[in-house]
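Presented below is the structure to which this report refers.
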Ligand code: S3P
């Protein structure tokens with residue numbers, strides 16, 4: 001039941017391949033609440049895959065769609081665990097929305113682990129070509145952008161359950 005106050009979502013941010021989607025599902029199970037993936041929401045709203053939006057309409061339009069999807073997701077009446085795309089934090093508007101409506105958790109991981117994880121999914125539009133170079137370049141470009149989070153967890157040597165446990169402790 002809503003008490004008139006907006007719910008406090010748990011919002012997961014972090015670079016591609018840091019485990020946001022997996023952690024969000026496991027955390028939602030533990031908290032017995034819903035989960036929402038902003039990328040999936042964009043695909044649903046736009047009727048196109050992420051790669052197709054980047055290819056056909058460009059990153060700028062993708063980012064506009066991302067802000068709208070994020071706003072809609074964070075406007076949900078019941079508290080959710082929300083997994084965001086790695087670049088959602090680039091917009092100050094998005095960061096402000098996340099901080100206003102959620103407890104923001106940044107997941108980080110060693111670059112080599114990120115490379116190993118993202119290499120299993122060749123569809124990411126920003127990682128076309130030399131994946132290793134692109135990852136290191138983007139990590140450099142995005143240095144510090146995840147630092148606004150309330151909590152940061154380095155997932156490199158943690159299991160999914162350990163990450164989930166730390167988040168659950170922080171919000172209890
Ligand atoms: C992006 C990350 C992707 C997706 C899009 C752009 C980014 O999400 O939103 O390809 O700019 O880092 P994941 O972090 O879930 O891979």
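Residue numbers (the UniProt record's numbering): 1 to 172. Glycine residues also receive a C-beta, built at the ideal position from the N, C-alpha and C atoms.
| Item | Value |
| --- | --- |
| Whole-angstrom distance between residue 23 and residue 68, CA atom to CA atom | 23 angstroms |
| Residue 57 CB to nearest heavy atom of the ligand S3P below 7 angstroms | no |
| Residue 11, enclosing beta strand (DSSP E) - first and last residue | 9-14 |
| Residue 161 versus residue 93: straight-line alpha-carbon distance, rounded | 31 angstroms |
| Top-ranked residue by Cα proximity to residue 124, from 39, 9, 11 | 39 |
| C-beta atoms of residue 14 and residue 99 nearer than 8 angstroms | no |
| Alpha-carbon to alpha-carbon, residue 21 and residue 12 | 9 angstroms |
| Contacts around residue 138, its chain only, beta-carbon distance under 7 angstroms, and the 5 residues preceding and following it disregarded | 126 |
| Limits of the beta strand (DSSP E) - the one that residue 105 falls within | 102-108 |
| Residue 33 versus residue 101 - alpha carbon distance | 16 angstroms |
| Segment contact flag, the segment 153-169 with the segment 83-90, C-beta cutoff 8 angstroms, min 3 pairs | no |
| Top-ranked residue by Cα proximity to residue 118, from 136, 103, 105, 104 | 136 |
| Cβ-Cβ distance between residue 8 and residue 79 below 8 angstroms | yes |
| Cross-strand partners of residue 83 (DSSP beta bridge) | 12, 37 |
| C-beta contact flag for residue 27 and residue 10 at 8 angstroms | yes |
| Helix, strand or coil at residue 99 according to DSSP, with G and I counted as helix | helix |
| Cβ neighbours of residue 171 in the same chain (closer than 7 angstroms, five flanking residues each side left out) | 10, 103 |
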